[in-house]
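Okay, so here's the structure we're looking at.
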Amino acid sequence: MTPLVEALASAMQPLLDRPYALLGHSMGASVAYELAHELRTQGIRMPRHLFASAALAPDVKDEDEPLHLIKRDDALITAVARRFGGVPQAVLENEELRSVIAPALRADLTIHESHEYTPRKPLDTDITAYGGSLDAKVNAAALERWRPHTTRAFAWHLFQGNHFFLQSARDAILSDVITRLRD
């Protein structure tokens, strides 16, 4: 995670001369959170808002078995589909697609599942946590656990859908993001 967020902070730095926000979904929420801390450490302008979507709060340990340790590509893809949904049927049925997608998916899961939370002072940026109403893991109580990670405004919102509610609730999410950034 550290090399990833350091590289992101470096690449983003020339673009941060204006207000901005970070939005991350699932593992991306962990990356966005760590990136915000890295930006603060480097003394770079902080985001106006951090949107954490379909993710446990950084200090909450995920009790599920790690998926990145699954060796076979087809077994990895099947396990991800079972746990999170959102894997297209074409990927599940096509060995060539699975072999292309599995290494990147395994790398993402390795970063996410092996990352250990480091307690730090809360961020000085607004945080909104989003979840899907049918996501068994990231429910309302899980979203509320993001609250202590900011000294500023906090909100959470459930949208209709499962872990990949971004697909079915896209317009509602965009509307909410725009409203929060206007305020």
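Anchor point for the sequence shown: position 11 equals -3 in my numbering, and the numbering is continuous, going up by one each time.
In this text, a Cβ means the ideal position worked out from N, Cα and C, and glycines have one as well.
DSSP state of residue i, grouped into three classes?
i, result
"HIS35", "strand"
"ILE113", "strand"
"HIS11", "strand"
"THR96", "helix"
"THR136", "strand"
Residues in its own chain within less than 6 angstroms of residue i by CB, not counting five upstream and five downstream?
i, result
"PRO44", "TYR19, TYR103"
"VAL46", "ARG131"
"MET13", "ASP94, HIS98"
"VAL124", "ALA40, GLY117"
Could you tell me if residue i is buried or exposed, where buried requires 16 or more neighbouring beta carbons within 10 angstroms of its beta carbon?
i, result
"ARG92", "buried"
"ARG84", "buried"
"ILE164", "exposed"
"ALA(-12)", "One point to set straight first is that residue -12 is Thr, not Ala, in the sequence displayed. Exposed, since its Cβ has fewer than 16 Cβ neighbours within 10 Å."
"ALA122", "exposed"
"THR137", "exposed"
"SER39", "buried"
"ASP16", "In the sequence under discussion, the amino acid at residue 16 is Ser, which differs from the Asp named in the question. SER16 comes out buried."
Report all residues from its chain with a CB closer than 7 angstroms to the CB of residue i; omit the five preceding and five following residues, and keep chain order.
i, result
"LEU62", "LEU53, ILE56, ALA88, LEU91, ARG92"
"PRO33", "TYR6, ALA7, LEU8, ALA22, THR111"
"ASP48", "LEU42"
"GLY147", "GLY118, SER119, LEU120, SER154, ALA155"
Over the uninterrupted beta strand (DSSP E) stretch that includes residue i, give me the two end residues.
i, result
"ALA141", "140 to 145"
Which residue marks the beginning of the alpha helix (DSSP H) containing residue i, and which one marks its end?
i, result
"ALA158", "156 to 168"
"THR(-12)", "-12 to -2"
"ALA127", "126 to 130"
"VAL77", "75 to 79"
"PHE70", "59 to 70"
Residues in the same chain with beta-carbon distance under 8 angstroms from residue i, minus the five sequence neighbours each way, listed in chain order, please.
i, result
"ALA(-5)", "LEU21, GLU24, LEU25, GLN28, ILE30"
"LEU2", "LEU25, ILE30, ARG31"
"ALA65", "LEU53, ILE56"
Are the stretch 48 to 62 and the stretch 142 to 155 touching, with three or more C-beta to C-beta distances below 8 angstroms? They do not touch, by the three-pair rule.
If you pair each beta-carbon of the stretch 68 to 83 with each one of the stretch 106 to 116, do three or more pairs fall below 8 angstroms? Contact fails: fewer than three Cβ-Cβ distances are below 8 angstroms.
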